[in-house]
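In what follows, a single structure is set out as C-alpha cells and then discussed.
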Amino acid sequence: MSGLSPQQAIGLVARREFTTQVRSRSFAVGIVISLVIFGVYALIFQFIGSRTSSDSLGVTPAAQSMVPALQQAATVAGRTLTVVDVSAAEGAEGADQLLSGDLDAVLDHPSGWTLTGRDAVGSELQVLVSTVVRQATLDQALQAAGQNPATVAAAGAVAVQTLEPEDPERGQRLGLAIVTSVLLFMSLIGYGSAVAQGVVEEKSSRVVELLLSTIRPLHLLAGKVLGLGAVGLLQLLILGAIGVVVGSVTGVLSAPSAAGPALVAAVIWYLLGFFLYASVYAAAGSMVSRQEELQSLVAPIMFPLLLPFIFAVSVLPGDPRNTLATVLSFVPFFSPTLMPARQALGVAPWWQVLIAILLTAATIVAVVAVAARIYRNSVLRTGARVSWSEALRSS
Amino acid sequence: MIVLDIGGLRKRFGTRTALEDVTFSVRPGEVFGFVGSNGAGKTTTMRIVLGVLSADAGEVRWKGTAIDAEARRRIGYMPEERGLYPKMKVGEQLAYLARLHAVSAADAAAAVTRWTERLGVAERVGDEVQKLSLGNQQRVQLCAALVHDPEILVLDEPFSGLDPTAVEVMSRVLRDKADEGVPVVFSSHQLDLVERLCDRVGIIAAGRMVAVGSVPELRSGGVSRIDVVGPRDWAGAVPGVSVVSEDGPHTRVELAGASDQDVLAAALAAGPVHEFTPHRPPLTELYKDVVSR
Numbered sequence: 000m001s002g003l004s005p006q007q008a009i010g011l012v013a014r015r016e017f018t019t020q021v022r023s024r025s026f027a028v029g030i031v032i033s034l035v036i037f038g039v040y041a042l043i044f045q046f047i048g049s050r051t052s053s054d055s056l057g058v059t060p061a062a063q064s065m066v067p068a069l070q071q072a073a074t075v076a077g078r079t080l081t082v083v084d085v086s087a088a089e090g091a092e093g094a095d096q097l098l099s100g101d102l103d104a105v106l107d108h109p110s111g112w113t114l115t116g117r118d119a120v121g122s123e124l125q126v127l128v129s130t131v132v133r134q135a136t137l138d139q140a141l142q143a144a145g146q147n148p149a150t151v152a153a154a155g156a157v158a159v160q161t162l163e164p165e166d167p168e169r170g171q172r173l174g175l176a177i178v179t180s181v182l183l184f185m186s187l188i189g190y191g192s193a194v195a196q197g198v199v200e201e202k203s204s205r206v207v208e209l210l211l212s213t214i215r216p217l218h219l220l221a222g223k224v225l226g227l228g229a230v231g232l233l234q235l236l237i238l239g240a241i242g243v244v245v246g247s248v249t250g251v252l253s254a255p256s257a258a259g260p261a262l263v264a265a266v267i268w269y270l271l272g273f274f275l276y277a278s279v280y281a282a283a284g285s286m287v288s289r290q291e292e293l294q295s296l297v298a299p300i301m302f303p304l305l306l307p308f309i310f311a312v313s314v315l316p317g318d319p320r321n322t323l324a325t326v327l328s329f330v331p332f333f334s335p336t337l338m339p340a341r342q343a344l345g346v347a348p349w350w351q352v353l354i355a356i357l358l359t360a361a362t363i364v365a366v367v368a369v370a371a372r373i374y375r376n377s378v379l380r381t382g383a384r385v386s387w388s389e390a391l392r393s394s
Numbered sequence: 000m001i002v003l004d005i006g007g008l009r010k011r012f013g014t015r016t017a018l019e020d021v022t023f024s025v026r027p028g029e030v031f032g033f034v035g036s037n038g039a040g041k042t043t044t045m046r047i048v049l050g051v052l053s054a055d056a057g058e059v060r061w062k063g064t065a066i067d068a069e070a071r072r073r074i075g076y077m078p079e080e081r082g083l084y085p086k087m088k089v090g091e092q093l094a095y096l097a098r099l100h101a102v103s104a105a106d107a108a109a110a111v112t113r114w115t116e117r118l119g120v121a122e123r124v125g126d127e128v129q130k131l132s133l134g135n136q137q138r139v140q141l142c143a144a145l146v147h148d149p150e151i152l153v154l155d156e157p158f159s160g161l162d163p164t165a166v167e168v169m170s171r172v173l174r175d176k177a178d179e180g181v182p183v184v185f186s187s188h189q190l191d192l193v194e195r196l197c198d199r200v201g202i203i204a205a206g207r208m209v210a211v212g213s214v215p216e217l218r219s220g221g222v223s224r225i226d227v228v229g230p231r232d233w234a235g236a237v238p239g240v241s242v243v244s245e246d247g248p249h250t251r252v253e254l255a256g257a258s259d260q261d262v263l264a265a266a267l268a269a270g271p272v273h274e275f276t277p278h279r280p281p282l283t284e285l286y287k288d289v290v291s292r
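Protein sequence lines, in the order shown, are assigned to chains A and B. Numbering-wise, the first sequence is residues 0 to 394 according to numbering that gives the first Met the number 0. Numbering-wise, the second sequence is residues 0 to 292 according to numbering that gives the first Met the number 0.
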C-alpha cells in the first residue's frame, strides 16, 4: 500500500471542491446572474449616455431677443433646443406646461432675467441659458463702451492642448476598467465566501474530523482554496470570453486589442486577490460552527474589497490619475481591485504594477501563515465561537 | 505482534484533566470494548489515537513504533460526531474517502460496491447522504470506516441509533474484521452487547482506566459472591461473610474473609441446600462495582 503524498492529498481535495462546485446549480446561476448584471449596467450606461440632450424651453415675448443666440449655442453644444413661445412664465399657460412636463423651463425678462422650472432646472440647460444671457449682456455693455465684442472674445479665448496625443480608446478603456473591477469584486466576494462556507460546512457536518484523521489540516485547506480558486478562475474566463465576443459582435467593444491585456491583468489580480482573501475567509470560517454565525465575522472582510471597488467605479472614470486612488492601489488588500482598473485606464506604468504585485505576494505569505494557524487551531473546535487568543496560539 | 498499544496518555483541557495515565493494548484479531460513562474520556482517547487531538503525555504505538500519519491512514475510524458531506452522493463520498486513505480509484470503486452491499445500502449509492434515514446514514458511516481496508478499527459508539437488524450486521462485520487479524476497538454504552461481542473490555472512569481484561478476568478480579437456595435467614451471623440480598430461600452473600466452603457449611447447618453456585455477575454489574469503587 503506497502512501499519500501532500500533492496527492491536496489534489484529491481540490478535485472534489472543483467538481462539486462546477456541477452545482450555483455555478451556472452565478454566470447567468453576472451576465444579467452586466447587461443591466450596459443598459444604464447607454441610457445615461443618450439621456435627453434635448430640452424644450418656453420663451416669453420679453425674452425673445435671446432666441437666435440660444439656438446657436445649443447647436455648438450638440444639444437640441426646442423653443416654444409662451405668453408669461407665471401665467396659466407657462406654469401649466411646466407642471405637465411639456416644458423643461421658461425664460422671462420682466426686469432681470429669470429661468423658471418645475422643481428644478437641468444643470446643462441652466449653464446654456445663463452663458448665452451673460454673453449677450456683456456684448451690449462692450458695444456701449465702444469695444468690439469679437475682439474681446478672441483675446480671452483659451486654447486647450495636451502634451501626449489624446487616447482615441479612452472610452473603451473606461468601460474595460469598470467591467474589470466589477468582475474582480464579484469573483473575490463570491469565491472567498464560498471558501468560508465550505469550511463551515465541513465543521457543521462534522465530516472534518473524519478528513483530518487521514490528511493534514493544511492540505485540506490548501486543496479547498485551490479547488474553489480554480472554479472562480473558470467563471472569470467564461465571463471574460463572453464579454469580449458579445462586445465585438455588437460593436460595443470597438478596440478588442485593449481587452486582451485587461483580461490578463484581471486573471493575475484575481489569483493574487483570491489567495489573499480566501485565506482570511477560511480562517473566519474555521472559527465558527454554523453558517448563521459566519455573517458577522465575514462582514468586515467585505470592507477592504468594497472601498477600492467604489473608488474604481466612481472616482477613476472622472479622474484616472487621482492621487488617493494611486496610493491606495499599492496597498495589498486594495490592489486587487484598484490596480487592474488603473491598468485598464492606461495610467499605471509597469513598475507600479510590479511593485503592487510584489507587495501583495509578500502579504499573501504572511496572511496565509496566520490563517493556517487559526484554521489548524479552530477547525476541530465546535460549539461556541473560537476566541482570538485560542485561534492564534502556537502549537 | 501487531499490537495497538496505548501507553500513559494524559490530556488536560484547561484545568480539567480529561485523561490521566490511560494505558491498554488491543491485540490483533481481538474485539476490544471500551466502556465508561459520558465524559469519562473514551472519545478523547480515540481522538488521540487518530491524531485528531494531541496528547500532553504518553504515546500510541503500533507495530512496535510510535504511530505516525502514514500508519494512522490505515485506521478505519468512526467519530462519535457522525460526519459526512450531506449533499454529496453516498458512492462518490465513500470513494473520495477511500482515495484520501491512499486507495487507488479502481480499488476504491470495488470497495464501495463491496461494503455498501454488505451493509445493505447498495441501492442508495446514487443518493445524497442527507436523503437517507439516520440508520442508513450510520451504515454509510461504517462503510466509510471500512472502504480503505483498514488494518485497525477504531469506532466511537458504532451501535448507537441502530435497529436490531443493523446491530446484528454491524456485530458480524466487527467479528469478521477481527478474525482477519485486525485489532478492533469500539466504545459503547450497551454493556450486554459489549459482553457478547468483545474478547476484552476496558473500563474508564474520570479519565483513568479502572479495569482492563476479559469479562471472566474482570469477574475474578472483583469480589466473590455466592448464590444459595435453601434455608432462610441463616447468613447474617456467619463470620467473614456479608449478605448482599435475602429473598425467601434465595440468599446472595459476598465473601469477606470466609471461604466458599465456610459458607456451604454454615448453610447446611441451617437446613437443606438445594443450589449452591458462585455468582457470575454480568458486565453491567461488574461495571457498576468497578466504577463505584
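Built from N, CA and C at the ideal position, the CB exists for glycine as well.
For Lys10 of chain B, the beta-bridge partners assigned by DSSP are B:Leu18. With respect to Gln137 of chain B, Arg81 of chain B sits close: the two C-beta atoms are nearer than 8 Å. Out of A:Gly231, A:Asp107 and A:Lys202, the CA that lies nearest to the CA of Leu219 of chain A is found in A:Lys202. Cβ-Cβ separation between Arg372 of chain A and Leu391 of chain A: approximately 7 Å, consistent with a contact (criterion under 8 Å).
Between Ser328 of chain A and chain B, the shortest Cβ-Cβ separation is not below 8 Å. Secondary structure in the region 56-135 of chain A: the alpha helix (DSSP H) runs of 4 residues or longer, each lying completely within the stretch, are 66-76 and 91-99 in chain order. Relative to the Cα of Leu304 of chain A, the nearest Cα in the group A:Val279, A:Ser285 and A:Val230 belongs to A:Val279. Around the Cβ of Phe12 of chain B, a 10 Å sphere holds fewer than 16 other Cβ atoms; the residue is exposed. Note on geometry: alpha-carbon atoms of Gly160 of chain B and Glu79 of chain B lie some 12 Å from one another. Taking 9 Å as the Cβ-Cβ cut-off, the region 46-64 of chain B approaches chain A at Arg46, Leu49, Gly50, Val51, Leu52 and Ser53, given in chain order. Per the coordinates, the alpha-carbon of Gly121 of chain A lies some 36 Å from the alpha-carbon of Val243 of chain A.
Val28 of chain A counts as exposed, since fewer than 16 other beta carbons sit within 10 angstroms of its beta carbon. For Glu16 of chain A, none of the residues of chain B pass the 9 Å Cβ criterion, the least Cβ distance being about 11 Å. Within chain B, the residues placing a beta-carbon under 8 Å from that of Ser212 of chain A are Leu49, Gly50, Val51, Arg71, Ile74, Tyr76 and Pro78, ordered along the chain. Taking 8 Å as the threshold, the shortest C-beta distance from Ser204 of chain A to chain B falls below it. Listed along the chain, the chain B residues whose CB falls inside 8 Å of the CB of Gly2 of chain A are Glu69, Arg72 and Ala101. Secondary structure within the region 153-179 of chain B: the alpha helix (DSSP H) runs of 4 or more consecutive residues, fully enclosed, are 163-178 (chain order).
In the assembly as shown, Lys41 of chain B is a buried residue. Its beta-carbon has 16 or more other beta-carbons within 10 Å. In this structure, DSSP gives Arg207 of chain B an extended state, which the three-state scheme calls strand. Secondary structure of Lys41 of chain B (DSSP, three-state): helix. Nearest CB-CB separation between Thr19 of chain A and chain B: below the 8 Å threshold. Within chain A, the residues Leu209 have their CB atoms less than 7 Å from the CB of Ala143 of chain B, given in chain order.
Within chain B, Leu99 have C-beta atoms less than 8 Å from the C-beta of Ala8 of chain A, given in sequence order. Scanning the region 63-123 of chain B from its first residue to its last, the whole beta strand (DSSP E) runs of 3-plus residues come out as 74-77. In chain order, Ser204 make up the part of chain A whose C-beta sits under 7 Å from the C-beta of Pro85 of chain B. Per DSSP, Leu254 of chain B is one residue of the beta strand (DSSP E) stretching across His249 to Leu254. Distance from Ala264 of chain A to Pro348 of chain A at the Cβ level is roughly 13 Å; contact not present, criterion being Cβ atoms closer than 8 Å.
If you ignore the 5 residues before and after Asp55 of chain B, its C-beta comes within less than 7 Å of the C-beta of Arg9, Lys10 and Arg11, all in its own chain and listed in chain order. In the structure shown, the three-state DSSP call for Ile5 of chain B is strand. With three or more CB-CB distances shorter than 8 Å, the region 12-31 of chain A counts as touching the region 224-231 of chain A. The CB of Tyr95 of chain B comes closer than 8 Å to the CB of Leu11 and Arg15 in chain A, given here in chain order. In this structure, Ala266 of chain B lies away from Pro238 of chain B, with their beta-carbon atoms at least 8 Å apart. The CB of Arg138 of chain B never comes closer than 7 Å to any CB in chain A; the least such distance is about 15 Å. By the neighbour-count criterion, in which 16 or more other beta carbons inside 10 Å mark a residue as buried, Val124 of chain B falls on the buried side. Per DSSP, Arg14 of chain A lies in no beta strand (DSSP E) segment; the continuous alpha helix (DSSP H) that holds it begins and ends at Pro5 to Arg22.
Within chain A, the residues placing a beta-carbon under 7 Å from that of Arg81 of chain B are Arg205, ordered along the chain.
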